[in-house]
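Number of protein chains: 2
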Amino acid sequence: MKILNLNAAFSALADPTRRAILARLATGEATVMELAEPFEMTQPAISQHLKVLEDAGLIVRRVDGTKRPRRLANAGIDAMDQWLAMLRKALEKNYDRLDEVLAGMEQKKAQKKIKTGEKR
Amino acid sequence: MKILNLNAAFSALADPTRRAILARLATGEATVMELAEPFEMTQPAISQHLKVLEDAGLIVRRVDGTKRPRRLANAGIDAMDQWLAMLRKALEKNYDRLDEVLAGMEQKKAQKKIKTGEKR
DNA sequence: TATCTTCATAACCTATAACTTATATAAGTA
DNA sequence: TACTTATATAAGTTATAGGTTATGAAGATA
């Protein structure tokens with residue numbers, strides 16, 4: 124479930140249409156029609172994107188007559204934040220050690236020819 | 124290019140194998156064989172995952188004889204962090220206003236029947 | 001030199017993502 | 001009641017993601 128959430132959350136954000144929808148929702152609640160308006164896609168396409176975002180815990184739905192306004196939720200964002208924090212911490216740690224590590228490698232490889240610059 | 128990076132970065136993290144690879148790299152540099160070892164996949168599959176991660180700016184490659192050790196990079200993470208920060212800020216702002224907004228809505232809809240609890 | 005190791009790449013297969021059109025449902029309106 | 005609006009869902013299509021096997025290339029080693 125944790126894993127499923129991360130899969131869903133990250134893959135939800137991988138689509139530019141869905142990021143645009145979230146950016147719009149960052150300015151406040153909006154209905155499906157309002158969300159669909161800026162796009163060239165059909166309304167069902169937007170509804171499907173919204174389902175993906177909802178399943179990922181990134182938005183929630185409210186009922187207002189025939190309308191279903193969406194707004195941002197934080198479950199999905201929290202999950203991603205946690206994971207990215209792990210990576211960032213590792214990067215910082217590795218950066219702290221980078222100088223000594225590189226120094227050690229240079230020394231170790233000093234006798235061997237170091238081929239650099241692969242083509243691809 | 125910014126957009127492409129975000130697409131690539133988020134969709135790279137959407138795959139659990141790739142997240143596991145990054146988690147492993149968070150403990151330090153590793154070769155392709157070392158990265159492949161814990162998985163049931165073939166080596167080419169891992170190489171392809173590594174290409175995805177590299178294209179997303181999440182890892183970099185070093186040359187050491189026939190080996191190509193990978194380590195974490197921060198370009199991709201920075202891009203995602205920025206984007207998520209926007210969402211988080213919006214969530215906080217909306218949360219600040221939530222009480223008044225909800226109050227306003229309740230008042231506005233007071234006369235109308237509010238049907239709650241959709242089935243699906 | 002011949003062989004082994006490490007890795008990348010190409011070609012192929014299959015499941016799924018992201019659309020479409022068609023249609024259903026529920027609430028608002030005349 | 002009949003019509004319209006707002007939305008969801010199903011079914012079909014096409015591109016792509018993620019795996020496989022086969023193979024190649026470059027460096028290490030005997």
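Line by line, the protein sequences are chains A and B. Using this note's numbering, the letters of the first sequence correspond one by one to residues 124 to 243. Using this note's numbering, the letters of the second sequence correspond one by one to residues 124 to 243. All C-beta atoms in this analysis are idealised placements derived from N, C-alpha and C, irrespective of residue type, glycine included. Remember, predicted model here, so these are calculated numbers, not experimental data.
Item	Value
Cβ of residue 133(A) within 8 Å of any chain B Cβ	yes
Member of 169(A), 197(A), 209(A), 182(A) whose CA lies at the smallest distance from the CA of residue 152(A)	182(A)
Where the alpha helix (DSSP H) through residue 142(B) begins and ends	139-148
Among 202(B), 211(B), 196(B), nearest to residue 149(B) - alpha-carbon criterion	196(B)
In chain order, each alpha helix (DSSP H) run of at least 4 residues that lies wholly inside the region 148-207 of chain A	155-159, 166-178
Under 8 Å between C-beta atoms of residue 185(A) and residue 177(A)	no
Cβ-Cβ distance between residue 139(B) and residue 130(A) below 8 Å	yes
Proximal residues to residue 128(A) (C-beta, below 8 Å), its chain only, five neighbours per side dropped	179, 180, 198, 199, 202
Alpha-carbon spacing of residue 154(A) relative to residue 189(A), whole angstroms	10 Å
Beta-carbon neighbours of residue 211(B), restricted to chain A and to distances below 7 Å	200
Cutoff 8 Å: residue 168(B) Cβ touching any chain A Cβ	no
Beta-carbon neighbours of residue 197(B), restricted to chain A and to distances below 7 Å	214
Buried versus exposed call for residue 168(A) [16 or more other C-beta atoms within 10 Å across all chains shown]	exposed
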